[in-house]
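There are 2 protein chains.
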Amino acid sequence: MTSTPASVSGRPLTAKGLATRARIVASASDLMLKLGVDRTTIDDIQRAATVTTSQLYHYFVDKNDLIMAVIDYQTDAVLDVHRTALESVDDFDGLVAWRDTIVEVLTRQHCVGGCPLGSLASDLAEVNPRARAALERSFGAWESLLRQGLATMHARGILPPDVDLDRAALALLAAVQGGLLLSQTRRDTVALESAIDFAIDSLRLRAAA
Amino acid sequence: MTSTPASVSGRPLTAKGLATRARIVASASDLMLKLGVDRTTIDDIQRAATVTTSQLYHYFVDKNDLIMAVIDYQTDAVLDVHRTALESVDDFDGLVAWRDTIVEVLTRQHCVGGCPLGSLASDLAEVNPRARAALERSFGAWESLLRQGLATMHARGILPPDVDLDRAALALLAAVQGGLLLSQTRRDTVALESAIDFAIDSLRLRAAA
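Chains as they are written, first to last, in the UniProt record's numbering: chain A, 1 to 209; chain B, 1 to 209.
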């Protein structure tokens, strides 16, 4: 998953071309997160990225092509944060540090915007099958990062043998998604905190049982 | 919260008027759930509800007015299901029966559509402050239903005194929302099942601790 292909129509991109393309994708991503995919027009994106129509259509065949690039961009952005926070997790302190990172990001955004991937999924799942499939892969990659952290705790004996790591990773990801959506709607971090803390406490209780 | 006001511009609605208004709101709700709010045009709604432009604008000032009616309609629909499933909850079997109801609804929909309230919240929270506030109230009412069931279990000694009922209700609602979004994206019920089961198991472990 990468938001920067090396070529357009078989021709490699120059450094300037890469920068222009990246500017278009970043602008489109910001606008789509704020307004929703359908409310974001090609005109809006051109203005925000300061590119002409012909420049935009040099890099993207149509809006759908741009939507796929936005999914890649947001997937990279979200997974980067979670990879950094999760790759060192080997005990409950590590898991709580991951939780604190997510709450910190939400606090910095004043609970505005929700999860970039969750918002795209809710917006596109029923109207764009290709986008839905891509977002399923994005969530799958995120879940793998969570599963990896839990597997390390499992291997170290911190989590008991009978914990189903796949289901636990999925439940944690669901807690994050549901918590972010409720926090976005309520404009407070309590929902996200409650959801993740509840899931982590569940693992602690299993460890103690 | 009700999607059927008794009057338009001070004049009471006739039975026929009420039926026409209800048909418009039901059609708008279906379309907005399938396409998203912005992709649903007034033309689409007119066609689906078989009403003229002047009929539609007799009941609704503008699209925003109709959006608020859709939020009321979906809130009533969702809360009806959960009220029925939750009002009799007084032990873990009752909570599991509630869980089975949600999974059954999702199975019947082949995991298509997600939560009507979650989808509206994700779609509207950043672009329509009045809708965001209404959806915050809807989630609050849903959370209260969950809290009530947990409070009954608490009063009966099935849940231990130290369980924070507010946070537990919020965590369960987040599990439902996150589970539904992931299940909508993955097109399977495993995410929803894992999320709610994990949260219910967490309460069981507290009860057993």
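All C-beta atoms, glycine included, are put in the ideal place defined by N, C-alpha and C.
CB contact check: residue i to chain A, cutoff 8 Å
i: D62 (chain B); result: no
i: G94 (chain B); result: no
i: A155 (chain B); result: no
i: L31 (chain B); result: no
i: L182 (chain B); result: yes
Minimum Cβ-Cβ distance from residue i to chain B less than 8 Å
i: E87 (chain A); result: no
i: R39 (chain A); result: yes
i: A171 (chain A); result: yes
i: R206 (chain A); result: yes
i: L165 (chain A); result: no
i: T101 (chain A); result: no
i: G17 (chain A); result: no
i: V190 (chain A); result: yes
i: L66 (chain A); result: no
i: A209 (chain A); result: yes
i: V112 (chain A); result: yes
i: G10 (chain A); result: no
Under 7 Å by beta carbon: chain A residues contacting residue i
i: K34 (chain B); result: E126
i: T185 (chain B); result: A121, A125, R132, L135, E136, F139
Beta-carbon contacts of residue i that lie in its chain and below 8 Å, excluding the five residues immediately before and after
i: P116 (chain A); result: S29, L33, Q74, A77, V78
i: A19 (chain B); result: none
i: H110 (chain A); result: R187
i: M68 (chain B); result: R130, A131, A134
i: A121 (chain B); result: R132, L135, F139
i: P161 (chain B); result: H154
Chain B contact residues for residue i, given Cβ-Cβ distances below 7 Å
i: D201 (chain A); result: S202
i: G149 (chain A); result: By Cβ distance, chain B contributes nothing, its closest Cβ being about 16 Å from G149 (chain A), past 7 Å.
Other residues of its chain near residue i: CB distance less than 6 Å, five sequence neighbours each side excluded
i: R99 (chain A); result: I196
i: I200 (chain B); result: L95
i: M1 (chain A); result: A caution first: M1 (chain A) carries a pLDDT of 47, below 50, which makes its placement in the model too unreliable to give a value.
i: L86 (chain A); result: W98, L145, G149
i: T101 (chain A); result: A85
DSSP three-state assignment for residue i, whether helix, strand or coil
i: P116 (chain B); result: helix
i: V8 (chain A); result: strand
i: F60 (chain A); result: coil
i: Q109 (chain A); result: coil
i: G36 (chain A); result: coil
i: E126 (chain B); result: coil
i: L13 (chain A); result: coil
i: T50 (chain B); result: coil
i: A134 (chain A); result: helix
i: A209 (chain B); result: coil
i: T41 (chain A); result: coil
Cross-chain neighbours of residue i in chain B, by beta carbon under 8 Å
i: V176 (chain A); result: G178
i: A48 (chain A); result: Result: empty, since nearest Cβ-Cβ is about 16 Å, beyond 8 Å.
i: A77 (chain A); result: The premise fails here: A77 (chain A) is roughly 18 Å from chain B at the closest Cβ pair, so nothing lies under 8 Å.
Residue i CB to nearest heavy atom of the ligand MN below 7 Å
i: D162 (chain A); result: The ligand MN is not part of the structure shown, which contains no ligands of any sort.
Close beta carbons around residue i, own chain, < 7 Å, minus the five adjacent residues each side
i: L182 (chain A); result: A191
i: H82 (chain A); result: W142, L145
i: G114 (chain A); result: L180, L181, Q184
i: A49 (chain A); result: R23, I24, S27
i: H58 (chain B); result: V8
i: G178 (chain B); result: A195
i: L66 (chain A); result: A28, F60
i: S119 (chain B); result: L33
i: D91 (chain A); result: M153, I158
i: G36 (chain B); result: D123
i: S3 (chain A); result: Per-residue confidence for S3 (chain A) stands at a pLDDT of 47, beneath the threshold of 50, marking its modelled position as unreliable; no derived number is given.
Within chain A, partners of residue i - CB distance below 8 Å
i: A195 (chain B); result: L170, A171, A174, A175, G178
9 Å Cβ cut-off: residues of chain A touching residue i
i: A69 (chain B); result: The premise fails here: A69 (chain B) is roughly 19 Å from chain A at the closest Cβ pair, so nothing lies under 9 Å.
Next item on the list: Would you mind listing the alpha helix (DSSP H) stretches within the region 63–98 of chain B that are 4+ residues and don't spill past its ends, in chain order?
Entry: 63–86
Notebook entry, point to check: If you scan the region 150–195 of chain B from start to end, which runs of the beta strand (DSSP E) of 3 or more residues do you find wholly inside it?
Noted result: none
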